[in-house]
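These protein sequence lines are chains A and B, in that order. Each position in the first sequence, counted from 1, maps to that position plus 696 in my numbering. Each position in the second sequence, counted from 1, maps to that position plus 696 in my numbering. Think of the CB as a built atom: it goes at the ideal place given N, C-alpha and C, for glycine as much as any other residue.
There are 2 protein chains.
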Amino acid sequence: MALEHAILVSLLEKPGSGYELARRFERSIGYFWTATHQQIYRVLKRMESEGLLAVRELSQQSRPDKKEYSVVGPGRAVLSQWLHQSIQPESMRHELAVKIRGAAFDDPSVLIREVERHRQVHIDRLAHYQAGELRDFTGPAAPTPLDAGQELQHVVLRGGIAYERMTIAWLDDVLGTLRRLGTSPSPA
Amino acid sequence: MALEHAILVSLLEKPGSGYELARRFERSIGYFWTATHQQIYRVLKRMESEGLLAVRELSQQSRPDKKEYSVVGPGRAVLSQWLHQSIQPESMRHELAVKIRGAAFDDPSVLIREVERHRQVHIDRLAHYQAGELRDFTGPAAPTPLDAGQELQHVVLRGGIAYERMTIAWLDDVLGTLRRLGTSPSPA
DNA sequence: TCGTACATGTAAATGGTTACATGATTCT
DNA sequence: AGAATCATGTAACCATTTACATGTACGA
Numbered sequence: 697m698a699l700e701h702a703i704l705v706s707l708l709e710k711p712g713s714g715y716e717l718a719r720r721f722e723r724s725i726g727y728f729w730t731a732t733h734q735q736i737y738r739v740l741k742r743m744e745s746e747g748l749l750a751v752r753e754l755s756q757q758s759r760p761d762k763k764e765y766s767v768v769g770p771g772r773a774v775l776s777q778w779l780h781q782s783i784q785p786e787s788m789r790h791e792l793a794v795k796i797r798g799a800a801f802d803d804p805s806v807l808i809r810e811v812e813r814h815r816q817v818h819i820d821r822l823a824h825y826q827a828g829e830l831r832d833f834t835g836p837a838a839p840t841p842l843d844a845g846q847e848l849q850h851v852v853l854r855g856g857i858a859y860e861r862m863t864i865a866w867l868d869d870v871l872g873t874l875r876r877l878g879t880s881p882s883p884a
Numbered sequence: 697m698a699l700e701h702a703i704l705v706s707l708l709e710k711p712g713s714g715y716e717l718a719r720r721f722e723r724s725i726g727y728f729w730t731a732t733h734q735q736i737y738r739v740l741k742r743m744e745s746e747g748l749l750a751v752r753e754l755s756q757q758s759r760p761d762k763k764e765y766s767v768v769g770p771g772r773a774v775l776s777q778w779l780h781q782s783i784q785p786e787s788m789r790h791e792l793a794v795k796i797r798g799a800a801f802d803d804p805s806v807l808i809r810e811v812e813r814h815r816q817v818h819i820d821r822l823a824h825y826q827a828g829e830l831r832d833f834t835g836p837a838a839p840t841p842l843d844a845g846q847e848l849q850h851v852v853l854r855g856g857i858a859y860e861r862m863t864i865a866w867l868d869d870v871l872g873t874l875r876r877l878g879t880s881p882s883p884a
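Okay, here's the thing in structure tokens:
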């Protein structure tokens, strides 16, 4: 289960509560792994009971109390062991591609709006990633030189940027194809 | 559930058995949606009981009998309805990226072999996709002009090709980063 | 007063993976 | 005789999503 490992990485980068982890999974670590707060609370509880994490209950004024989790020895060992194992390369899971092929059995033009909407989401994500890159790695406020952890975060972010660029270009290709099919005779 | 819709698309492209669908999910449709035979048999049974599919039992000589499924009216309607709904853009799920960030808490060089292995898998997939493109869409044996269904299959395949190319380039970037970190002092 | 952010959880349903199970035919 | 391909399934487990549930504090 990679959620467990993603949590270990995130808590090693910085200890935090379930709520904070859920927020990180909406940005940063969430660029390549997603999880909802329900999942996170459940897994945190299990990991703590297995001795991979330590908890500190923090009382806060003007805020609900929170439980701050941090990685302890056995948790670090579990992560290290996982890093030494090989995983199988992911296969894609692209629902929009299913729809595009399905459009052959309906009017292809119904998909144009949908594809345009997805394209805009990817444009926004790209802008967001690029802003993060400038802020944390390449801008004047970024530390120089970067340490190993920052270099690795940066290369992962560059992957996200490359992915979004590629996706936008592909969706342009898809839109061109759908529009061509819409203006010429297309048998269902 | 997109597996259901992927099955509808695949069976509209060509009726077939659970076994045949499982094979298609290893290629073609499987380039962007995966499923094992266990999942497929379960879903086919459910879809048939819901009246989305029809079955024909075929006795074959020198082969086990098989059940050939095809899409009937209500199945087509379910697909069409889904095409008219909007879906939310996928977020990535890239386990290797979790590992790369995790490498900051171990020796980054342990990942070099792993990343090289992934890179080779993506190179092989790219070659496989390109061979398929030549065979079905751009080579001399390909039909001209392509019909709408083929145009859509082709644009999806171009997406797969773009994805693999992008991934290979990114993994080269990752390898460069890991090697640089391996040769300079890297604090854990 | 309404919405947003902070904070944590339970329950039910659905989806996906892994292991187990069987059996015929064809090719080497 | 053994491996690969064709063919279909069950069971157990694990992961994920969606809905429900509660409560404080702060700013508009």
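Look up residue i in the DSSP assignment and give the residues it is bridged to.
i, result
"B/Ala750", "B/Ser766"
"B/Gly712", "B/Tyr765"
In chain B, what lies closer than 8 Å to residue i by C-beta?
i, result
"A/Ser804", "It should be noted that the sequence gives Pro, not Ser, for residue 804 of chain A. Per Cβ cutoff of 8 Å: Ala844, Leu848."
"A/Ile819", "Ordered by position in chain B, no residue passes the 8 Å Cβ test against A/Ile819, which lies about 11 Å from the chain."
"A/Ser776", "Phe801, Asp802"
"A/Glu810", "Ser782, Ile783"
Can you list the residues of chain A that residue i reaches, using a CB-CB cut of under 7 Å?
i, result
"B/His824", "Per Cβ cutoff of 7 Å: no residues; B/His824 is ~13 Å from chain A at best."
"B/Ala698", "Glu791, Val794"
"B/Arg813", "Ser782"
"B/Tyr727", "Met788"
"B/Leu749", "Within chain A, no residue comes near B/Leu749; the closest Cβ sits about 14 Å away, beyond 7 Å."
Residue i and residue j look like a contact to me (Cβ under 8 Å); what is the Cβ gap, rounded to whole Å?
i, j, result
"B/Arg813", "A/Ser782", "7 Å"
"A/Ser706", "A/Ile725", "5 Å"
"A/Thr873", "B/Val851", "4 Å"
"A/Leu889", "A/Gly835", "The requested residue 889 of chain A does not occur in the structure, where chain A is confined to residues 697 to 884."
"B/Leu871", "B/Val811", "6 Å"
"A/Ala718", "A/Ile703", "Going by Cβ atoms, the distance from A/Ala718 to A/Ile703 rounds to 11 Å, so no, they are not a contact pair."
"B/Leu867", "B/His824", "So it is not a contact: roughly 17 Å between Cβ atoms."
"A/Val794", "B/Ala698", "6 Å"
"A/Leu708", "A/Val768", "The Cβ separation is near 11 Å, so there is no contact."
Give me the chain B residues within the contact set of residue i, using Cβ-Cβ distance strictly less than 9 Å, ordered along the chain.
i, result
"A/Arg742", "By Cβ distance, chain B contributes nothing, its closest Cβ being about 18 Å from A/Arg742, past 9 Å."
"A/His701", "Glu791, Val794, Lys795, Gly798"
For residue i, go through chain A and note every residue whose CB falls closer than 9 Å to its CB, in chain order.
i, result
"B/Arg772", "Phe801, Asp802"
"B/Tyr859", "Met788, His790, Tyr859, Met862, Thr863, Trp866"
"B/Thr730", "Ser787, Met788, Arg789"
"B/Leu807", "Leu779"
Residues of chain B with a CB under 7 Å from the CB of residue i: which are they?
i, result
"A/Glu829", "Within chain B, no residue comes near A/Glu829; the closest Cβ sits about 13 Å away, beyond 7 Å."
"A/Val852", "Ala793, Ile796, Arg797"
"A/Asp869", "Val851, Arg854"
"A/Arg875", "Near A/Arg875 there are no residues of chain B at all, since even the closest Cβ is about 11 Å away, more than 7 Å."
If I follow the unbroken alpha helix (DSSP H) through residue i, where does it start and stop?
i, result
"B/Arg875", "844-879"
"A/Arg813", "807-829"
"B/Ser755", "Taken as a continuous stretch (DSSP letters only), B/Ser755 belongs to no alpha helix (DSSP H), as it is neither H nor E."
"B/Gly835", "Premise fails: B/Gly835 is in no alpha helix (DSSP H) and is neither H nor E."
"A/His790", "Per DSSP, A/His790 belongs to no alpha helix (DSSP H) and is neither H nor E."
"B/Arg738", "733-745"
Name the chain A residues that come within less than 8 Å of residue i, Cβ to Cβ?
i, result
"B/Leu707", "What B/Leu707 touches in chain A: nothing, since even the nearest Cβ is about 10 Å away."
message: Can you confirm whether the segment 832-851 of chain A touches the segment 783-790 of chain A when touching is taken to mean that 3 or more C-beta pairs between the two stretches lie within less than 8 Å?
response: no
message: Three Cβ pairs or more, each shorter than 8 Å: is that satisfied between the segment 763-775 of chain A and the segment 706-721 of chain A?
response: yes
query: Given 8 Å as the limit, is there contact between the segment 794-804 of chain B and the segment 766-781 of chain A, that is, 3 or more CB pairs closer than that?
result: yes
message: Could you check whether the segment 860-872 of chain A touches the segment 853-861 of chain B, counting it as contact only if at least three pairs of C-beta atoms, one from each stretch, sit closer than 8 Å?
response: yes
message: Counting beta carbon pairs with one atom in the segment 768-776 of chain A and one in the segment 739-750 of chain A, are three or more of them shorter than 8 Å?
response: yes
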